[in-house]
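Be aware that the sequence shown starts at 1141, since it is given in my numbering, and climbs by one per residue.
C-beta: ideal position from N, C-alpha, C; glycine also.
Heads up, the thing below is written out as structure tokens.
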Amino acid sequence: MEVVKAVIFKHNADVKPLLETFNQMVNECIAYALKNKISSPMKLERALYNHFKQKYGFATHYCISACRVACGIIRSWRRLVKKGRADPDKPPTFKASAMRLQKELMRFRGDKIVVAIK
1141 MEVVKAVIFK HNADVKPLLE TFNQMVNECI AYALKNKISS PMKLERALYN HFKQKYGFAT
1201 HYCISACRVA CGIIRSWRRL VKKGRADPDK PPTFKASAMR LQKELMRFRG DKIVVAIK
């Protein structure tokens, strides 16, 4: 049995708004977590879940994924600040056109990946 941790694929224009919205969600998570001194993905999920459901209307897994990505970015940034390699006055941002998908959000149909949004 083979385990795949990451898949890189070319996407079409239909996915671009979803990726941009996910970036916005992650950056909101980062700002909220830094402002409220939250480092746990679970606490961040509980704090932002209702806000994200109202604002974006996406499946719950997108909120969970955005919070986990944001906490990972914050953790990495804090380590870099401790080492003196990052500016503590400039908070991190998520700029990549990427997203973490949980297995419940996607399925393979032939040679395509079908991603559920709601």
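Per DSSP, reduced to three states, the secondary structure at residue 1254 is strand.
Annotation: residue 1149 is outside any beta strand (DSSP E) and is labelled neither H nor E by DSSP. Residue 1246: member of the beta strand (DSSP E) spanning 1246–1249, first to last residue.
A direct Cα-to-Cα measurement between residue 1189 and residue 1247 gives close to 24 angstroms. CA-CA distance, residue 1173 to residue 1257, rounds to 25 angstroms. Proximity to residue 1217 across 1206, 1208 and 1230 peaks at 1230, based on C-alpha coordinates.
For residue 1214, same chain residues with a beta-carbon under 8 angstroms away, outside a window of 5 residues either side, are 1170, 1173, 1174, 1179 and 1232 in chain order. The Cβ neighbour count for residue 1244, taken over all protein chains shown within 10 Å, is under 16; the residue is labelled exposed.
Around the beta carbon of residue 1210, a 10 Å sphere encloses 16 or more other beta carbons of the protein chains shown; the residue is thus reported as buried.
By the criterion of a C-beta distance shorter than 6 angstroms, residue 1242 is surrounded in its chain by 1201, once the five residues flanking it on both sides are discounted. Annotation for residue 1185: 1203, 1204 and 1207 place their beta carbon closer than 7 angstroms to its own, counting only its chain and skipping 5 residues before and after.
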